[in-house]
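Just remember that our numbering sits 31 ahead of the position in the sequence shown, which is counted from 1.
Every residue gets a Cβ at the ideal spot worked out from N, C-alpha and C, and that includes glycine.
On a predicted model such as this, the values are computed, not experimentally measured, just so you know.
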Amino acid sequence: MIRFIVYRVLQAVPTILGITVLSFLLLHIVPGGPAAVMLGDRATPQLIAQINQSLGLNKPLYVQYWLWFVKLLHGNLGYAYSYHETVSSLIALNLPRTLVLVLTAIILSHILAILIGVFQAVRRDSPTDHALTVVTYLLYSMPTFWLGMIVISVFAIGLHLLPAGGLSDPFAIHPTFGDYLRHMILPAVVLIVATIPNWSRYVRSRMMETLVQDYIRTAHAKGLRKRTILMRHALKNSLLPLITLAGMSLPALFGGALIIEMIFNYPGMGLLFWNAAQARDYPVLLGIVIMVGFLTILGNLLADIVYGVVDPRVKY
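If you want it as structure tokens, here you go:
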């Protein structure tokens, strides 16, 4: 196992290197730049040239990349033009908020998707199965931003049950944990609802394939209870690929969190990325891309390790 982990870490090095090169080139070839955003209506070619020179953006791209990459190797992600702070401090402030949101969505959506998928597989082709299929397809086809607007209209504006956005009450001097929790409910619900349909359909399909296997028929022939067959034999084998799927879904959930944080003005990595993109703040954008790439590789590595632990047939 240790050899496998070391091999995967070494394998990730060229991947991270490729991400840095592609991200740097793609961000810097986009028209516009931080100088034009900073100056706004006052932008003139002379002022833009002065700011580009002060930020080092007048140098060739390969020189800019090398200078940035050397800083990265020393753990320095650079300085955010638009925030006047280091990129590391911005990520350290916003990453925990997004991780709480994303991990909450992963855990709860997995639990609900498994319950729905197993229920549908057991009651295959029943009216309940068809009704849940219609609901999951409806939720799957619903744009996330539209779903967010609906829950804000109903629960925040219409019923006044929950706050429409933000991290806490802006007038509270010392926000409580309950205040943070109330502000996180609606964004988390939207992210969970947007994630459940895909995974529940996957669990339903896997369970239906497992329930017709020979060893399941043998278990029935031995007289085992239906619940024992379902929980001990069918469910365990059906959920193994879901571990890998969860690890690979991390970047998708971060992408979903970007839209949700914008809708709910939730101060996390998504909102930080959006604001940095508006300001053409290259160091912040590169820092977030590198961080997400690292977390994606880490998530896949953890998924492979857990897969090997729960399935003794897998050897590394």
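Looking at the structure shown, is residue 110 part of a helix, part of a strand, or coil, going by DSSP? On the sequence shown, position 79 is the one that residue 110 refers to. Of the three classes helix, strand and coil, the one that applies to residue 110 here is strand, per DSSP.
Whole-angstrom distance between residue 229 and residue 276, CA atom to CA atom: Within the sequence shown, the letter at position 245 stands for residue 276. Within the sequence shown, the letter at position 198 stands for residue 229. Straight-line Cα distance between these residues: approximately 11 Å.
Is residue 104 closer than 8 Å to residue 95 when the C-beta atoms are compared? By one-based count along the sequence shown, residue 95 stands at place 64. By one-based count along the sequence shown, residue 104 stands at place 73. With contacts defined by Cβ atoms closer than 8 Å, residue 95 and residue 104 do not form a contacting pair.
What is the C-beta distance between residue 280 and residue 234, in whole angstroms, given that I count them as a contact (C-beta under 8 Å)? The count along the sequence shown starts at 1 and reaches residue 280 at position 249. The count along the sequence shown starts at 1 and reaches residue 234 at position 203. So it is not a contact: roughly 13 Å between Cβ atoms.
Would the region 150–168 count as touching the region 187–204 if we require 3 or more Cβ pairs under 8 Å? Cβ pair count under 8 Å is below three, so no.
Helix, strand or coil at residue 117 according to DSSP, with G and I counted as helix: Position 86 of the sequence shown, counted from the start, is the residue given in the question as residue 117. Correct three-state label for residue 117: strand.
So, helix, strand or coil for residue 310, using DSSP? By one-based count along the sequence shown, residue 310 stands at place 279. Collapsing the DSSP output to three states places residue 310 in coil.
Just verifying my parser: in three-state terms, what is the DSSP assignment at residue 205? As a working mapping, residue 205 is identified with position 174 in the sequence shown. Here residue 205 sits in coil by DSSP.
Only counting runs of 4 or more residues, tell me where the alpha helix (DSSP H) segments fall wholly within the region 49–83, in order along the chain. Listed in chain order, the complete alpha helix (DSSP H) runs (minimum 4 residues) inside the region 49–83 are 65–70.
Count the other CB atoms within 10 Å of the CB of residue 38; is the residue buried (16 or more) or exposed (fewer)? As a first step, residue 38 is located in the sequence shown; it is residue number 7 there, counting from the start. Residue environment analysis places residue 38 among the exposed positions, since fewer than 16 neighbouring C-beta atoms fall within 10 angstroms of its C-beta.
Best match in 317, 335, 330 and 331 for proximity to residue 49 [C-alpha to C-alpha]: Along the sequence shown, one-based indexing puts residue 49 at 18. For residue 49, the closest of 317, 335, 330 and 331 by C-alpha to C-alpha distance is 317.
In whole angstroms, what is the alpha-carbon distance linking residue 260 and residue 119? What you label residue 260 is simply residue 229 of the sequence shown in a count that begins at 1. What you label residue 119 is simply residue 88 of the sequence shown in a count that begins at 1. Their Cα atoms are separated by approximately 50 Å.
Cutting at 8 Å between CB atoms, please list the residues of its own chain near residue 52, excluding the five before and the five after it. The count along the sequence shown starts at 1 and reaches residue 52 at position 21. A distance below 8 Å between beta-carbons, with the five flanking residues on each side excluded, links residue 52 to the following residues of its chain, in chain order: 96.
Can you tell me which of the three DSSP states residue 161 falls into? For this step, residue 161 is matched to residue 130 along the sequence shown. In this structure, residue 161 counts as helix in the three-state DSSP scheme.
Label residue 327 either buried or exposed according to how many other C-beta atoms from any shown protein chain fall within 10 Å of its C-beta, with 16 as the threshold for buried. Locating residue 327 in the sequence shown gives position 296, where the first residue counts as 1. Looking at its Cβ environment, which holds 16 or more other Cβ atoms inside 10 Å, residue 327 is buried.
Applying the criterion that 16 or more other CB atoms from any shown protein chain within 10 Å of the CB defines a buried residue, is residue 182 buried or exposed? Numbered from 1 along the sequence shown, position 151 holds the residue referred to as residue 182. By the neighbour-count rule (16 or more Cβ atoms within 10 Å), residue 182 is buried.
For the putative contact between residue 175 and residue 221, defined by C-beta atoms under 8 Å, what is the C-beta separation to the nearest angstrom? The count along the sequence shown starts at 1 and reaches residue 175 at position 144. The count along the sequence shown starts at 1 and reaches residue 221 at position 190. Taking 8 Å as the upper bound for CB-CB distance, residue 175 and residue 221 are in contact here, some 7 Å apart.
Supposed contact pair residue 313 and residue 58 - C-beta distance, whole angstroms, cut 8 Å: Position 27 of the sequence shown, counted from the first residue, corresponds to residue 58. Position 282 of the sequence shown, counted from the first residue, corresponds to residue 313. Right, their Cβ atoms sit about 6 Å apart.
Would DSSP call residue 264 helix, strand or coil? To locate residue 264, count along the sequence shown from 1; it is residue 233. The answer is helix: DSSP assigns residue 264 an H, G or I state.
If we call anything under 8 Å between Cβ atoms a contact, is residue 140 one with residue 223? Position 109 of the sequence shown, counted from the first residue, corresponds to residue 140. Position 192 of the sequence shown, counted from the first residue, corresponds to residue 223. Note that the C-beta distance between residue 140 and residue 223 is below 8 Å.
Would you mind reading off the limits of the alpha helix (DSSP H) that contains residue 105? Against the sequence shown, residue 105 aligns to sequence position 74. First-last for residue 105: undefined, no H or E at that position.
Alpha carbon of residue 145 to alpha carbon of residue 236, nearest angstrom: Taking the first residue of the sequence shown as 1, we reach residue 145 at position 114. Taking the first residue of the sequence shown as 1, we reach residue 236 at position 205. Between residue 145 and residue 236, the C-alpha separation is close to 11 Å.
Report the rounded CA-to-CA distance for residue 262 versus residue 247, giving the unit in angstroms. Against the sequence shown, residue 262 aligns to sequence position 231. Against the sequence shown, residue 247 aligns to sequence position 216. Spanning the two alpha carbons is a distance of roughly 11 Å.
By the 10 Å Cβ neighbour count, where 16 or more other Cβ atoms means buried, how is residue 106 classified, buried or exposed? Here residue 106 corresponds to residue number 75 of the sequence shown, with the count starting at 1. So residue 106 counts as exposed.
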